[in-house]
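**Q** This structure is in structure tokens; I'll ask about it shortly.
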Amino acid sequence: MQASLRRLTPVPLCAVQPCRSRAALWSSALRFLSPSIRTLFSETGVWENDYRPETRRKVEEWWHSRIMEQWRKDALNAYSVKKKFYVLSMFPYPSGRLHMGHVRVYTISDTIAHFQRMRGHQVLNPMGWDAFGLPAENAAIERGLDPEEWTKSNIESMREQLDSLGLCFNWDREITTCLPDYYKWTQYLFIKLFEAGLAYQKEAVVNWDPVDQTVLADEQVDESGRSWRSGALVEQKLLTQWFIKTTNYAKPLLDALADLPEWYGVKAMQANWIGECTGCYFDFKLKVNGKETGETLSAYCSAPEMVYGAAYLAILPSHRLLHGSSSVRSLLQQAFQPGRDCLTEVTALNRFTGQEVPVVISHKEAFDDYLDAVIGLPDVSEEDLSVARALYLNWTTVLKTHKDGTQTLINSQKFSDFTREQALQSITQKAREQGVGGHLTSSKLRDWLISRQRYWGTPIPVVHCDSCGAVAVPEEELPVTLPKTPPLTGKGASPLGAVHDWVNCKCPRCKGPARRETDTMDTFVDSAWYYFRYTDPHNRDRPFEPQLADHWLPVDIYIGGKEHAVMHLYYARFLCHFCRDQGLVTHREPFSKLLVQGLIKGQTFKLAGSGQYLKKEEIEFTGNGPVTLSGGRVEVTFEKMSKSKHNGLDPQEVVQQYGLDTVRLYILYAAPPEQDILWNVKNDTLPGVLRWQTRLWQLVTKLRGARQLGEVPNGSLLKKKELEEVKKIWGNKNYAVQEVTAYFTKDFLFNAALSRLMGLTNTLSSATVRVLQHSVEFEEALAALVIMTAPMAPHLASELWAGLCTVTNPQSPLLLRGGDVLQQPWPNVDPEYLKAPEFVELSVLINNKRCGTVTIPLQVSKDPARVQQLVMESPIGQKYLSERDIKKAILSTRTPLINFLVNE
1 MQASLRRLTP VPLCAVQPCR SRAALWSSAL RFLSPSIRTL FSETGVWEND
51 YRPETRRKVE EWWHSRIMEQ WRKDALNAYS VKKKFYVLSM FPYPSGRLHM
101 GHVRVYTISD TIAHFQRMRG HQVLNPMGWD AFGLPAENAA IERGLDPEEW
151 TKSNIESMRE QLDSLGLCFN WDREITTCLP DYYKWTQYLF IKLFEAGLAY
201 QKEAVVNWDP VDQTVLADEQ VDESGRSWRS GALVEQKLLT QWFIKTTNYA
251 KPLLDALADL PEWYGVKAMQ ANWIGECTGC YFDFKLKVNG KETGETLSAY
301 CSAPEMVYGA AYLAILPSHR LLHGSSSVRS LLQQAFQPGR DCLTEVTALN
351 RFTGQEVPVV ISHKEAFDDY LDAVIGLPDV SEEDLSVARA LYLNWTTVLK
401 THKDGTQTLI NSQKFSDFTR EQALQSITQK AREQGVGGHL TSSKLRDWLI
451 SRQRYWGTPI PVVHCDSCGA VAVPEEELPV TLPKTPPLTG KGASPLGAVH
501 DWVNCKCPRC KGPARRETDT MDTFVDSAWY YFRYTDPHNR DRPFEPQLAD
551 HWLPVDIYIG GKEHAVMHLY YARFLCHFCR DQGLVTHREP FSKLLVQGLI
601 KGQTFKLAGS GQYLKKEEIE FTGNGPVTLS GGRVEVTFEK MSKSKHNGLD
651 PQEVVQQYGL DTVRLYILYA APPEQDILWN VKNDTLPGVL RWQTRLWQLV
701 TKLRGARQLG EVPNGSLLKK KELEEVKKIW GNKNYAVQEV TAYFTKDFLF
751 NAALSRLMGL TNTLSSATVR VLQHSVEFEE ALAALVIMTA PMAPHLASEL
801 WAGLCTVTNP QSPLLLRGGD VLQQPWPNVD PEYLKAPEFV ELSVLINNKR
851 CGTVTIPLQV SKDPARVQQL VMESPIGQKY LSERDIKKAI LSTRTPLINF
901 LVNE
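Numbering (the UniProt record's numbering), first residue to last: 1 to 904.
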């Protein structure tokens with residue numbers, strides 16, 4: 001009988017108002033037949049008065065697929081005339097399981113995407129997979145699997161998990177970096193770098209991870225000299241490696257930071273990583289007995305304008321020239337004497353100045369920062385002068401100081417008589433034009449080492465020919481795909497080298513025998529351009545259509561962990577600058593705003609003294625604190641979640657226990673995005689968001705009930721006190737719209753936005769029945785509250801909106817226009833409110849406990865002394881603070897709140 005009733009019950013549309021008596025009849029019938037069954041309004045037409053866990057479950061089950069399907073339809077039907085908004089969350093590595101950090105970053109991006117869609121934007125919120133790399137290869141070795149199969153299986157699993165969380169991504173734009181249709185274009189961009197002279201191969205002393213058996217870039221070695229991934233102590237090896245000359249872009253990348261908004265300290269980290277770009281490299285040709293050896297060397301010049309005054313070229317004892325297979329190695333080794341500056345028989349011809357200088361082996365173990373070859377300038381450095389004199393070297397003085405203190409150049413060919421500033425600009429520009437150096441960079445920055453001696457990565461599209469040297473694979477032959485049967489029985493250098501039928505090939509230039517490059521690219525190359533591919537993911541003819549990239553880029557808001565502040569963001573910025581120079585795009589910076597997210601930390605239990613991590617079942621929780629089952633003392637901290645610390649959370653289990661919207665609200669309310677969240681369901685955050693959801697439900701229930709009392713709404717029936725109440729509701733609604741919109745667009749303080757919505761909820765909850773019956777202001781304020789809740793709690797808001805739109809005798813046009821809540825336009829502040837004096841509703845806390853609110857003028861809301869005075873003069877201040885000893889009053893700079901710390 002119950003099933004028959006449900007089949008017969010029509011599903012109401014938002015703008016349709018069902019007959020009150022019929023709704024009441026259905027409600028009575030269902031309650032009579034099965035009083036324990038909870039009903040869902042959108043499904044049955046019967047409004048459940050209480051928001052119970054079972055109601056929440058039904059709400060989320062009903063709306064989950066509908067919200068995602070509506071997002072998909074809106075994305076397909078989006079008009080290009082709309083203003084674009086590109087929200088991008090850093091794509092994950094497909095490990096197979098989501099963690100709470102994933103849930104946090106994607107909840108934030110999903111919330112922003114819904115908000116911007118409601119503001120009328122054409123929104124792009126894509127998702128993909130950073131799918132190459134060592135974890136997949138190591139897992140394949142351990143399990144005897146193909147890394148491709150393992151990776152694809154993980155992707156399917158994680159895609160299902162993301163869908164189960166109700167996250168609305170543009171899945172039609174999904175990309176996977178390990179698929180040939182993606183890495184073909186990674187190889188294409190590498191060839192462009194190679195043709196531009198920015199990708200090169202050289203023998204170098206490199207960082208070797210003995211555990212993962214591969215080379216690491218300097219950025220992947222921590223301060224203690226350990227690998228960022230394996231934790232192994234890094235060794236130094238001499239290997240021939242591929243580099244990308246990022247140093248050529250150091251100065252533009254540094255200067256462009258000034259045009260970007262503040263990035264939560266990331267700009268400063270980038271600037272510090274790049275360093276002060278006051279010097280540059282110059283290219284030299286090495287000579288022995290007046291004959292060129294065929295080897296080139298780049299050396300750093302700290303004062304490029306003084307380059308004509310060079311006395312020598314100095315290298316460190318650790319330089320590759322002393323340890324490689326170079327033809328000058330024996331001469332250098334014969335001259336080398338530890339602890340001394342050693343003059344050698346090798347000379348170096350500066351390709352810019354045409355001057356020849358001796359090569360000196362320095363007595364130092366290290367130069368400034370990461371340099372291993374420098375130009376000695378006696379006119380600039382007392383230390384260089386001392387070395388030149390000790391070795392009896394000749395050099396040309398190139399600096400003249402005038403009586404007025406100004407300095408100009410002499411003996412510098414056509415740059416003589418230039419000031420140092422003029423010469424710096426002219427010399428470096430000329431060197432760049434000639435392709436022999438001159439790119440301003442710092443002494444601490446090194447080129448990007450991209451070679452990896454592993455199988456599971458993008459093959460470097462180069463073949464090596466005895467006759468032609470290193471030759472790029474022609475574009476029409478891309479992609480160079482990985483062989484399907486890799487030797488993954490164990491770790492070892494360059495596993496691709498063992499696949500002979502893949503390695504042996506013909507030279508594209510002379511058609512003679514050649515060998516493919518067996519190193520693969522660092523996965524950071526794959527992620528350096530993925531934001532471009534999202535704009536045109538199915539293009540088979542080029543990496544992306546420039547017009548589409550220019551339409552969507554720069555990314556309006558980029559969301560991810562701060563651990564990527566240096567490496568990934570630096571590489572991505574570099575590649576965007578390069579693509580602009582190649583004419584592929586018209587802008588140089590890929591990201592406008594950056595939103596870094598903190599960690600979600602779990603509660604950890606450690607055995608006092610030893611630091612051993614314990615499981616919860618190994619602990620007894622007593623009134624005096626946790627102890628081990630044997631009585632040992634336990635230390636309780638919050639740390640980054642991991643299996644080894646037994647403090648991780650399975651997102652799906654958390655969602656199952658508390659619900660999708662509750663988890664979303666908890667994540668958004670617990671802390672601002674850039675701060676860490678200490679996951680603790682026993683604190684006030686989780687109960688707070690649970691109570692708030694219930695109160696929102698009660699508001700809709702209350703309005704529906706008030707409108708069923710029989711009176712036709714008539715605002716003229718309201719008395720003076722009720723009109724004052726209506727005015728307060730109107731003002732609080734507009735204030736909430738103004739504040740929440742600002743929080744969503746400027747600082748992304750979702751916790752503050754939720755606090756403001758909770759404040760509006762308080763105001764509406766205290767409204768009298770006659771105000772609910774007769775005022776359009778209450779209706780519109782509740783409508784605005786539900787709409788503003790929708791991006792953060794879309795399932796609950798969708799059901800609230802359905803219930804709100806079918807209220808008896810609606811007064812506001814907002815409830816008659818149809819559509820689900822996420823299809824509604826974001827509310828605007830009423831023009832009359834903007835004309836009126838602005839006030840702020842300030843939350844008052846005493847010893848961190850909320851005791852009420854005080855309305856104060858906006859213009860004094862940032863003045864701590866004035867705010868404290870107004871609170872003390874208010875009824876709340878008179879009641880709670882007049883006879884208390886106030887130690888301190890803390891006025892929040894982020895949200896309207898003042899906290900009085902008093903002696904108990």
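Ideal Cβ positions, reconstructed from N, Cα and C, are used throughout, including at glycine. Computed from a predicted model, the values in this text were never measured in an experiment.
#1: Report the three-state DSSP secondary structure of Cys465 (helix, strand or coil).
#2: Mind reading off the beta-carbon distance from Phe591 to Val566? Whole number of angstroms is fine, and I expect it under 8 Å.
#3: Do Asp526 and Asp163 count as a contact pair if the criterion is CB distance below 9 Å?
#4: Identify whether Trp228 lies in helix, strand or coil by the three-state DSSP scheme.
#5: If contacts are defined as beta-carbon pairs under 8 Å, then Gln453 and Gln213 qualify, I think. What distance do you get, rounded to the angstrom?
#6: Looking only at C-alpha atoms, which of Ser416, Asp255, Ala498, Arg588 sits nearest to Leu440?
#7: Look at the alpha carbon of Trp273 and the alpha carbon of Ala572, and state the distance between them as a whole number of angstroms.
#8: Give every residue of the same chain whose Cβ lies closer than 6 Å to the Cβ of Glu356, excluding the five residues on either side of it in the sequence, and list them in chain order.
#9: Using CA atoms only, rank isn't needed, just tell me which of Val902, Ser716, Thr622, Thr741 is closest to Tyr880.
#10: Less than 8 Å between C-beta atoms, sequence neighbours within five positions excluded: which residues of the same chain meet that for Val786?
#11: In terms of alpha-carbon separation, which member of Pro53, Ala268, Gly877 lies closest to Tyr570?
#12: Quick one: which unbroken beta strand (DSSP E) runs of 3-plus residues sit fully inside the region 601-642? Chain order, please.
#13: Helix, strand or coil for residue 906? Go by DSSP, reduced to three states.
#14: For Phe336, does the count of other Cβ atoms within 10 angstroms reach 16, so buried, or fall short, so exposed?
#15: Is the beta carbon of Leu584 closer than 9 Å to that of Phe544?
#16: Quick check on DSSP: helix, strand or coil for His64?
#17: Could you tell me the alpha carbon to alpha carbon distance between Val16 and Gly648, rounded to whole angstroms?
#18: Give the straight-line distance between the Cα atoms of His102 and Ser642, rounded to the nearest whole angstrom.
#19: Relative to the C-alpha of Ala472, which residue among Pro495, Lys444, Cys507, Ser843 is closest?
#20: Pick from Thr353, Phe367, Lys287: whose alpha carbon is nearest that of Ser318?
#21: Only counting the same chain, and skipping five residues up and downstream in sequence, which positions put a Cβ closer than 8 Å to that of Leu718?
#22: Output needed for Ile856: all residues of its chain with C-beta closer than 7 Å, excluding positions within five of it in sequence on either side, in chain order.
#23: Are the beta-carbon atoms belonging to Leu316 and Leu297 less than 9 Å from one another?
#24: What number of angstroms, rounded off, separates the C-alpha of Leu343 from the C-alpha of Gln333?
#25: Between which two residues does the beta strand (DSSP E) holding Trp171 run?
#26: Helix, strand or coil for Pro10 per DSSP?
#27: Using the three-state DSSP reduction, which class does Ser28 fall into: helix, strand or coil?
#28: May I ask you to verify whether the region 116-129 touches the region 78-96, counting CB pairs closer than 8 Å and requiring at least 3?
#29: Please confirm if the region 739-756 is in contact with the region 703-722, defined as three or more CB-CB distances below 8 Å between the two stretches.
#30: I need the straight-line Cα distance from Pro147 to Ala783, nearest angstrom please.
#31: Are the beta-carbon atoms of Gln698 and Ser765 separated by less than 9 Å?
#32: Buried or exposed: Gly437, going by 16 or more other Cβ atoms within 10 Å of its Cβ?
#33: With a Cβ-Cβ cutoff of 9 Å, do Leu189 and Phe574 count as a contact?
#34: With contact counted as at least three CB pairs below 8 Å, one residue from each stretch, are the region 201-213 and the region 238-254 in contact?
#35: Could you say if the region 826-837 and the region 90-100 meet the contact criterion of at least three C-beta pairs nearer than 8 Å?
#36: As a quick exercise: from Phe621, Pro687, Ile600, Ile410, pick the residue whose alpha carbon is nearest that of Pro673.
**A** This is what the structure gives:
#1: Reading the sequence shown from its first residue, position 465 is the one you call residue 465. Correct three-state label for Cys465: strand.
#2: On the sequence shown, position 591 is the one that residue 591 refers to. On the sequence shown, position 566 is the one that residue 566 refers to. In fact, because the Cβ distance is near 14 Å, the residues do not count as touching under 8 Å.
#3: One-based indexing of the sequence shown puts residue 163 at position 163. One-based indexing of the sequence shown puts residue 526 at position 526. In this structure, Asp526 does not lie closer than 9 Å to Asp163 by Cβ.
#4: The sequence position of residue 228 within the sequence shown is 228, counting from 1. Reduced to three states, the DSSP call for Trp228 is coil.
#5: As a position in the sequence shown, residue 453 is number 453, starting the count at 1. As a position in the sequence shown, residue 213 is number 213, starting the count at 1. Confirmed, about 7 Å.
#6: Mapped onto the sequence shown, residue 440 falls at position 440. The shortest Cα separation from Leu440 among Ser416, Asp255, Ala498, Arg588 belongs to Asp255.
#7: Sequence index remark: in the sequence shown, residue 273 carries index 273 (1-based). Sequence index remark: in the sequence shown, residue 572 carries index 572 (1-based). Distance between the alpha carbons of Trp273 and Ala572: 15 Å.
#8: Taking the sequence shown and counting its residues from 1, one reaches residue 356 at position 356. Contacts found: Thr347, Leu349.
#9: Position 880 of the sequence shown, counted from the start, is the residue given in the question as residue 880. Checked all of Val902, Ser716, Thr622, Thr741; the closest Cα to Tyr880 is Val902.
#10: Along the sequence shown, one-based indexing puts residue 786 at 786. For Val786, where only same-chain residues beyond five positions count, the Cβ hits under 8 Å are Leu696, Val700, Ala797, Leu800, Trp801, Leu804, Val821.
#11: The sequence position of residue 570 within the sequence shown is 570, counting from 1. Closest option to Tyr570, Cα to Cα, is Ala268.
#12: 619-622, 625-628, 634-640
#13: With the chain running from 1 to 904 in the structure shown, residue 906 is simply not present.
#14: Mapped onto the sequence shown, residue 336 falls at position 336. Label assigned to Phe336: exposed.
#15: Residue numbering aside, residue 544 sits at position 544 when the sequence shown is read from its first letter. Residue numbering aside, residue 584 sits at position 584 when the sequence shown is read from its first letter. Their beta carbons are under 9 Å apart, which means Phe544 touches Leu584 by this criterion.
#16: The residue given as residue 64 occupies position 64 in the sequence shown. It is helical.
#17: Indexing the sequence shown from 1 puts residue 16 at position 16. Indexing the sequence shown from 1 puts residue 648 at position 648. Reliability fails at Val16, whose pLDDT of 37 lies under 50, so the model's placement of it is uncertain and the value that follows must be treated cautiously. Cα-Cα distance, rounded: 47 Å.
#18: Translated into positions along the sequence shown, residue 102 becomes position 102. Translated into positions along the sequence shown, residue 642 becomes position 642. Spanning the two alpha carbons is a distance of roughly 13 Å.
#19: Here residue 472 is taken as the residue at index 472 of the sequence shown, counted from 1. The residue with the shortest Cα to Cα distance from Ala472 is Cys507.
#20: Here residue 318 is taken as the residue at index 318 of the sequence shown, counted from 1. Nearest option by C-alpha distance: Phe367.
#21: Numbered from its first residue, the sequence shown carries residue 718 at position 718. So the qualifying residues of the chain are Val726, Arg770, Val771, His774, Ser775.
#22: Reading the sequence shown from its first residue, position 856 is the one you call residue 856. Hits under 7 Å: Phe839, Val840, Leu842, Val867, Leu870.
#23: The residue you call residue 316 lines up with position 316 of the sequence shown. The residue you call residue 297 lines up with position 297 of the sequence shown. Not in contact: Leu316 and Leu297 (Cβ atoms no closer than 9 Å).
#24: The sequence position of residue 343 within the sequence shown is 343, counting from 1. The sequence position of residue 333 within the sequence shown is 333, counting from 1. Approximately 11 Å between the Cα atoms of the pair.
#25: Locating residue 171 in the sequence shown gives position 171, where the first residue counts as 1. No beta strand (DSSP E) contains Trp171, which DSSP labels as neither H nor E.
#26: Taking the sequence shown and counting its residues from 1, one reaches residue 10 at position 10. Confidence in Pro10 is poor, its pLDDT being 34 and thus under 50, which makes the residue's placement too unreliable to answer from.
#27: To locate residue 28, count along the sequence shown from 1; it is residue 28. Any reading at Ser28 needs caution, since the residue's pLDDT is 37, under 50, leaving its predicted position unreliable; the model's value is listed next. It is helical.
#28: yes
#29: no
#30: In the sequence shown, counting from the first residue as 1, residue 147 sits at position 147. In the sequence shown, counting from the first residue as 1, residue 783 sits at position 783. Looking at the two C-alpha atoms, the distance is approximately 51 Å.
#31: To locate residue 698, count along the sequence shown from 1; it is residue 698. To locate residue 765, count along the sequence shown from 1; it is residue 765. Yes; because the gap between Cβ atoms is below 9 Å, this pair is in contact.
#32: Walking along the sequence shown from the start, residue 437 turns up at place 437. With 16 or more other Cβ atoms within 10 Å, it is buried.
#33: Sequence index remark: in the sequence shown, residue 189 carries index 189 (1-based). Sequence index remark: in the sequence shown, residue 574 carries index 574 (1-based). For Leu189 and Phe574, no; Cβs fall outside 9 Å.
#34: yes
#35: no
#36: The residue given as residue 673 occupies position 673 in the sequence shown. When only C-alpha atoms are compared, the closest one is Ile600.
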